[in-house]
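Colleague:
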Amino acid sequence: MVEEVTVDSSVLVSALVKGDVLRPVARRVMEKIFRGYYHAVTSVTVPVEVCGAISKRAGEHKAILAKNQLLKWEKTGLVACSELTSDRMEEAAELAIKLRMSGMDAVVVQTAKEKKRALITFDEEMAEKAKGAVKVLTHKDFQNTRVTSQI
Amino acid sequence: MTEKYRSKVGPKGQVVVAKELRERYGIKEGGLVEQVSTEKGVLLIPLSADRLLKELDKVAEDIGKTWPAEVSAVKAVREDREKRWLKK
Chain P
5 MVEEVTVDSS
15 VLVSALVKGD
25 VLRPVARRVM
35 EKIFRGYYHA
45 VTSVTVPVEV
55 CGAISKRAGE
65 HKAILAKNQL
75 LKWEKTGLVA
85 CSELTSDRME
95 EAAELAIKLR
105 MSGMDAVVVQ
115 TAKEKKRALI
125 TFDEEMAEKA
135 KGAVKVLTHK
145 DFQNTRVTSQ
155 I
Chain Y
186 MTEKYRSKVG
196 PKGQVVVAKE
206 LRERYGIKEG
216 GLVEQVSTEK
226 GVLLIPLSAD
236 RLLKELDKVA
246 EDIGKTWPAE
256 VSAVKAVRED
266 REKRWLKK
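Those protein sequences? They're chains P and Y, same order as listed.
So the mapping is simple: the numbering used here equals the position in the first sequence, first residue as 1, plus 4.
So the mapping is simple: the numbering used here equals the position in the second sequence, first residue as 1, plus 185.
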């Protein structure tokens, strides 16, 4: 059965940077998405944040490469994006207040919470706070997993 | 060699790919295909997980070349999210 998940920027940036300490785990998460075990939905703000993080640290040209990957995943439905509406903004604001988390963290948690998706984040601070609202999977949950079959 | 197959378009634009072609290109139920607009029409490219991973690895290798080694992805995202507060 396909599991619905929400992926945080920390996972996508890690998957897109060779040499990142958690990249093998991030790659495993992406493999689960590519092989159809996971259907990923995230906030529209996440790809924007990923591109910004890469542009600032690796350069504009590299961020364009990342953007093209993210757009491809979005267009093919591998990592779909949930638009930010006023209802979602309100729910995210309530989460930010209740869980005392940053705005961006709350927007991503709201995406997961809306359809009871599991949130996948490698950010332990975010994971700890998000546990109050959604099921959370961190890098520790993927350390010893293997993906075998194909779509 | 070009082979031609004909199929009817369904009410929502669904088109059945011929069995021979599905088998040859590994198109299975639940799998994904990329639709590419070309001068002659729509080209369907099966999205294989292996190909997607290979593509991801290639992009990651390129980005990794200029990404500062001392900054982890988690740290980068956290820094960006908290920057406004740190600046104060």
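Backbone N, C-alpha and C fix where the C-beta goes; we use that ideal spot for every residue, glycine too.
This structure is a prediction, so every number in the text was calculated from the model and none was measured.
Would you identify the three-state DSSP class for Glu78 of chain P, choosing helix, strand or coil?
Modeller: For the purposes of this step, residue 78 of chain P is identified with residue 74 of the first sequence, where counting begins at 1. Residue state, collapsed to three classes: helix.
Colleague: Grouping DSSP H, G and I as helix and E and B as strand, with all else coil, what is Gln147 of chain P?
Modeller: Taking the first sequence and counting its residues from 1, one reaches residue 147 of chain P at position 143. Coil at Gln147 of chain P, not helix or strand.
Colleague: For the beta strand (DSSP E) that contains Ser222 of chain Y, what are its first and last residues?
Modeller: Indexing the second sequence from 1 puts residue 222 of chain Y at position 37. First-last of the beta strand (DSSP E) with Ser222 of chain Y: Val218 to Ser222.
Colleague: Below 7 Å between beta carbons is the criterion; list the residues of the segment 213-224 of chain Y that meet it against any residue of chain P, in chain order.
Modeller: Residues Lys213, Gly215, Gly216, Leu217 and Glu219.
Colleague: Arg104 of chain P and Glu8 of chain P: beta carbons closer than 9 Å?
Modeller: For the purposes of this step, residue 104 of chain P is identified with residue 100 of the first sequence, where counting begins at 1. For the purposes of this step, residue 8 of chain P is identified with residue 4 of the first sequence, where counting begins at 1. Cβ atoms of Arg104 of chain P and Glu8 of chain P: not closer than 9 Å.
Colleague: Taking Tyr210 of chain Y as part of the alpha helix (DSSP H), name the residues at either end of that continuous run.
Modeller: Translated into positions along the second sequence, residue 210 of chain Y becomes position 25. That run of the alpha helix (DSSP H) goes Lys204 to Tyr210.
Colleague: Consult DSSP for Leu16 of chain P and reduce its assignment to one of helix, strand or coil.
Modeller: In the first sequence, residue 16 of chain P corresponds to position 12, counting from 1. In this structure, Leu16 of chain P counts as helix in the three-state DSSP scheme.
Colleague: Looking at the structure shown, is Ala49 of chain P part of a helix, part of a strand, or coil, going by DSSP?
Modeller: For this step, residue 49 of chain P is matched to residue 45 along the first sequence. Looking at the sequence provided, one finds Thr at residue 49 of chain P rather than Ala. Three-state result, Thr49 of chain P: helix.
Colleague: Just confirm the distance between the C-beta atoms of Leu20 of chain P and Ala245 of chain Y, as a whole number of angstroms; I'd bet it's less than 8 Å.
Modeller: Here residue 20 of chain P corresponds to residue number 16 of the first sequence, with the count starting at 1. Here residue 245 of chain Y corresponds to residue number 60 of the second sequence, with the count starting at 1. The pair is a contact, with the Cβ atoms about 5 Å apart (cut-off 8 Å).
Colleague: Tell me His65 of chain P's beta-bridge partners as DSSP assigns them.
Modeller: Numbered from its first residue, the first sequence carries residue 65 of chain P at position 61. Paired residues: none, contrary to the question.
Colleague: Nearest-angstrom Cα distance between His65 of chain P and Asp247 of chain Y?
Modeller: As a position in the first sequence, residue 65 of chain P is number 61, starting the count at 1. As a position in the second sequence, residue 247 of chain Y is number 62, starting the count at 1. C-alpha separation (whole angstroms): 10 Å.
Colleague: Pick from P:Lys79, P:Lys117, P:Glu118 and P:Val48: whose alpha carbon is nearest that of Leu217 of chain Y?
Modeller: Along the second sequence, one-based indexing puts residue 217 of chain Y at 32. Nearest C-alpha to Leu217 of chain Y: P:Lys79.
Colleague: Considering Cα atoms alone, identify which of P:Thr46, P:Val48 and P:Ala67 is closest to Gly56 of chain P.
Modeller: By 1-based counting over the first sequence, the position of residue 56 of chain P is 52. Cα-wise, what sits closest to Gly56 of chain P is P:Ala67.
Colleague: Near Ile155 of chain P, which residues of its chain fall below 7 Å by C-beta distance, leaving aside the five closest residues on each side in sequence?
Modeller: Taking the first sequence and counting its residues from 1, the one referred to as residue 155 of chain P is at position 151. Residue confidence is low: Ile155 of chain P scores 37 on pLDDT, short of 50, so the model does not pin down where it sits. Its coordinate-derived value is still stated next. Excluding sequence neighbours, Ile155 of chain P sits near Arg39 and Gly40.
Colleague: Just to check my reading of the structure: Ala258 of chain Y and Val11 of chain P have Cβ atoms closer than 8 Å, yes? What is that Cβ distance to the nearest angstrom?
Modeller: Within the second sequence, residue 258 of chain Y is the residue found at index 73, counting from 1. Within the first sequence, residue 11 of chain P is the residue found at index 7, counting from 1. About 12 Å; that fails the 8 Å criterion.
Colleague: Apart from the five residues just before and just after Met34 of chain P, which ones in its own chain have a Cβ nearer than 7 Å to its Cβ?
Modeller: As a position in the first sequence, residue 34 of chain P is number 30, starting the count at 1. Answer for Met34 of chain P: Ala19, listed in chain order.
Colleague: Please identify, using Cβ separations under 9 Å, the residues of the segment 14-42 of chain P that lie next to chain Y, in order along the chain.
Modeller: Cβ contacts with chain Y come from Ser14, Val15, Leu16, Val17, Ser18, Ala19, Leu20, Val21, Lys22, Gly23, Asp24, Val25, Leu26, Arg27, Ala30, Arg31, Met34, Glu35, Ile37, Phe38, Arg39 and Gly40.
Colleague: By Cβ distance below 6 Å, which residues in the same chain neighbour Ala30 of chain P in space, the five residues on each side in sequence not counted?
Modeller: Locating residue 30 of chain P in the first sequence gives position 26, counting from the first residue. Correct list, in chain order: Val15, Ser18 and Ala19.
Colleague: Classify Leu123 of chain P as helix, strand or coil using the three-state DSSP reduction.
Modeller: Your numbering for residue 123 of chain P matches position 119 in the first sequence. Looking at Leu123 of chain P - three-state DSSP - the assignment turns out to be strand.
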